[in-house]
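Quick note: the sequence shown uses the numbering used here, first residue 784, plus one each step.
Before any comments, here is the structure.
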Amino acid sequence: MSRTTHAWRTTLVTGALAAALIAPTVPAAAAAADRPETGGDAIPALTDERGRALTLRGWNVGDKANNGDAALSGVTEKHFRDMRAKGFNFARLLVFWDDLEPRPGQYSQSYLRKIERILDWAEKHDVRVLIDAHQDVFGPAFGHRGVPAWATRTDGLPFTPHPDDWFSEYFEPAVQRAFTHLYEDEDLRRAQARMWRVLADRFEDHPAVLGYDPINEPMGELREGEDLATAARRIERDQITPMYNRVADAIRSVDKDNWIFVEPTPIVGEGVPTGLGRIDDPKIVYAPHFYNGAMEAGGDYDPAARWIENYEQAVTLYPKEYKVPVVVGEWGPLNNSQPNMNRFYREAMASLGRYSSGWAGWEWCYGGGYCAVDGTGAFRTNKELTAEPYAEAVAGTVRSAAYDPGAGVYRLSYDSAGRRGSRVTELALPPGDWRVSARGGALVLRPAPGRALVLAAPGARVTVTATRR
């Protein structure tokens, strides 16, 4: 795929300096030699088109309230400008199949243009985007968003709304049967694949697009006598894995380069290993969600329950077995002001940094509840702990990377890439006065607030330190 360089990078290093420091993009096979090693139990890093190891930090961006002519009207350029100003480089953009294809085979060109406008804003502010085909409780047939009503089959089974506990609606017989038909009916399989082919064909060359998330929080139908964990592993193994392979084939018919992010059921949030199998595609990202049932109900974090430790142990099994990167697609509690939430955010950030290539919090909006910021754009209680220094792109093999929030010090150690590929490592810094230094013969440039570039000779052992002053 041909990608253009984001505007700030384009204007940063020009002329002879650019020629000397930034080599042309190299084929994936050549770049792979400079990627972090993936042997043993190591989880590989997500990489860009130059083979640099990426770290994504950002938020979900969406508009569930509006559809039809008003679809996506709640998402504005301000979302991306404000996210980037606070140091975030990633957005998981919610799109809805029911808006894209309101009638079978009729794809809304207006909706596609609205998505493209949002992607243009993301490119302008240097935010990478994951396009997420979002669903909640399957779709509008059950009062939510996602799979169109025309693609919803219930066999006449009952559905009772639960307005005070919407997630429990997933266990209504009609909703569960609708998932079974989506996975098993050949015409619905083809419809889902065509929908993704339309999206990928339209946006595969957009410079903001990093990848595609085929379905948010897939669920399924429990069998009599099954406990939830057993059912989830069966559904993931027998229905969701084949679905991802079908969708991947459809996407690859038009887009060979962008990443495909695959989710297990939300049951993994309770520390249950997934039953997903191998997805036969070379650019798969494992994208679980990181939610705890008690905290989702508004409760406080309980460190003694060891939920974070149990989740980390379980969620890393799949990427270690199949050698795929991890990006957590959603996380964040409902009530951020509970007494233990400061500790939760610190421990969660440390955990995510140990095994993932990044995350998208839920969600970037201006208000209460799950919103990252209030109406003035200021972080809500404890949400500021998500804004840390990090290496957006490392031109070489990462040896270690960690942030000490108490000391306000971030340290990155890496072995610089060889002659092929980019030799520019990029750091993102949250608002504040940061001093950035590097050892190993590397040069540090500060092109803009919140940014630092490290330029190193091939094969150098580089240590970068960012210190809050």
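Heads up, the beta-carbon is just placed ideally off N, CA and C, and yes, glycines get one too.
Between which residues of its own chain and Ser-1199 is the CB-CB distance below 7 Å, once the five residues before and five after are set aside?
A distance below 7 Å between beta-carbons, with the five flanking residues on each side excluded, links Ser-1199 to the following residues of its chain, in chain order: Ala-1178, Gly-1179, Arg-1206, Ala-1239, Ala-1240, Pro-1241, Gly-1242, Ala-1243 and Val-1245.
In the structure shown, what three-state DSSP assignment does Phe-1127 receive?
The answer is helix: DSSP assigns Phe-1127 an H, G or I state.
Taking the Cβ atom as the reference point for each residue, do Trp-1147 and His-862 lie within a distance shorter than 8 Å?
Result yes, Cβ atoms of Trp-1147 and His-862 sit closer than 8 Å.
For Gln-1121, does the three-state DSSP call read helix, strand or coil?
When secondary structure is reduced to three states using DSSP, Gln-1121 falls in the coil class, being assigned neither helix nor strand.
In three-state DSSP terms, what is Leu-737?
Any property of residue 737 remains undetermined from this structure, which presents the chain solely from 784 to 1252.
Starting from Ala-868 and walking both ways along the alpha helix (DSSP H), at which residues does that stretch end?
According to the DSSP assignment, Ala-868 belongs to the alpha helix (DSSP H) that extends over 860-868.
What does the alpha-carbon distance come out to for the pair Ala-1143 and Ala-991?
Within the model, the alpha-carbon separation for Ala-1143 versus Ala-991 is close to 16 Å.
How far does the beta strand (DSSP E) with Ser-1199 in it extend, from its first residue to its last?
1192-1199 is the extent of the beta strand (DSSP E) around Ser-1199.
Can you tell me where the beta strand (DSSP E) with Thr-1246 in it begins and where it stops?
Going by DSSP, Thr-1246 is part of the beta strand (DSSP E) stretching over 1244-1251.
Pull up the DSSP beta-bridge partners for Ala-836, would you.
DSSP lists Thr-830 and Val-1177 as partners of Ala-836.
Along the chain, where does the alpha helix (DSSP H) that runs through Glu-1209 open and close?
Glu-1209 -> not in any alpha helix (DSSP H); beta strand (DSSP E) instead, spanning 1207-1211.
What does the Cβ neighbour count give for Gly-1189, buried or exposed, with the cut at 16 atoms within 10 Å?
When all chains shown are included, Gly-1189 counts as exposed.
Based on the DSSP output, what are the partners of Tyr-1186 in its beta bridges?
Note: Tyr-1186 sits in a beta bridge opposite Tyr-1193.
Boundaries of the beta strand (DSSP E) in which Arg-1254 is found, first to last residue
In the structure as shown, the chain begins at 784 and stops at 1252. Residue 1254 is therefore absent and cannot be evaluated.
Is the CB-CB distance between Ile-1050 and Ala-1015 below 8 Å?
Going by C-beta atoms, Ile-1050 is nearer than 8 Å to Ala-1015.
Can you name, in chain order, every residue of its own chain whose Cβ lies under 6 Å from the Cβ of Asp-1038, other than the five neighbours on each side?
Once the five neighbours on either side are set aside, the close Cβ partners of Asp-1038 are Ala-983 and Glu-987.
Between the segment 1120-1128 and the segment 1046-1066, do at least 3 Cβ pairs fall closer than 8 Å?
A contact between stretches requires three or more CB pairs, one per stretch, nearer than 8 Å, and the segment 1120-1128 fails this requirement with the segment 1046-1066.
Nearest-angstrom Cα separation, counted from Leu-1117 out to Glu-820
Here the model assigns Glu-820 a pLDDT of 43, short of 50, so the residue's position is not dependable, and the following value carries that caveat. About 37 Å.
Within a Cβ cutoff of 7 Å, which residues of the same chain sit near Glu-1004, ignoring the five residues on either side of it in sequence?
Contacts found: Gln-959, Arg-960, Phe-962 and Thr-963.
Quick check: the Cα distance between Asp-919 and His-945, rounded to an integer number of angstroms?
Approximately 13 Å, taken between the alpha carbons.
Ends of the beta strand (DSSP E) at Ile-1062?
Unbroken run through Ile-1062: none, as it is neither H nor E.
Ends of the beta strand (DSSP E) at Ala-916?
For Ala-916, the uninterrupted beta strand (DSSP E) run begins and ends at 911-916, by DSSP.
Find out if the Cβ-Cβ distance for the pair Arg-840, Phe-873 is shorter than 8 Å.
It is a contact, given that the beta carbons lie within the stated cut-off.
Quick one: what does DSSP say Arg-783 is sitting in, helix, strand or coil?
Beyond the ends of the chain as shown, which are 784 and 1252, falls residue 783; an answer cannot be given.
Runs of alpha helix (DSSP H) lying entirely within the segment 1046-1109, each at least 4 residues, in chain order
The qualifying runs are 1076-1079, 1090-1098 and 1100-1105.
Measuring only the C-alpha atoms, how far is Ile-898 from Gly-1223?
If you draw a straight line from the Cα of Ile-898 to the Cα of Gly-1223, it comes to about 43 Å.
Quick one: using the 10 Å Cβ neighbour count with 16 as the cut-off for buried, is Ala-836 buried or exposed?
Ala-836 is buried by the Cβ-count criterion.
Do you know offhand how far Ala-1033's Cα is from Tyr-1105's?
Spanning the two alpha carbons is a distance of roughly 22 Å.
What number of angstroms, rounded off, separates the C-alpha of Pro-1071 from the C-alpha of Tyr-1084?
If you take the alpha carbons of Pro-1071 and Tyr-1084, they lie about 20 Å apart.
Looking at the strands, I want to know which residues DSSP matches up with Gln-889.
Per DSSP, Arg-886.
Residue burial classification, Leu-1195 (beta-carbon count within 10 angstroms, cutoff 16)
Per the 10 Å Cβ criterion, buried.
Tell me whether the segment 936-950 and the segment 973-980 touch, counting them as touching only if at least three CB pairs, one residue from each stretch, are closer than 8 Å.
No: the two stretches stay apart, fewer than three of their Cβ pairs being nearer than 8 Å.
Run the CB neighbour count on Pro-931, radius 10 Å, all protein chains shown included, and call it buried at 16 or more, exposed below.
Buried: at least 16 other Cβ atoms inside 10 Å.
Per DSSP, which residues does Glu-1113 bridge with? Please list them.
Partner(s): His-1072.
State buried or exposed for Asp-996, treating a residue as buried only when at least 16 other CB atoms are found within 10 Å of its CB.
It counts as buried.
Check for me: the alpha helix (DSSP H) holding Val-1237 runs from which residue to which?
For Val-1237, there is no enclosing alpha helix (DSSP H); the residue is found in the beta strand (DSSP E) stretching over 1234-1238.
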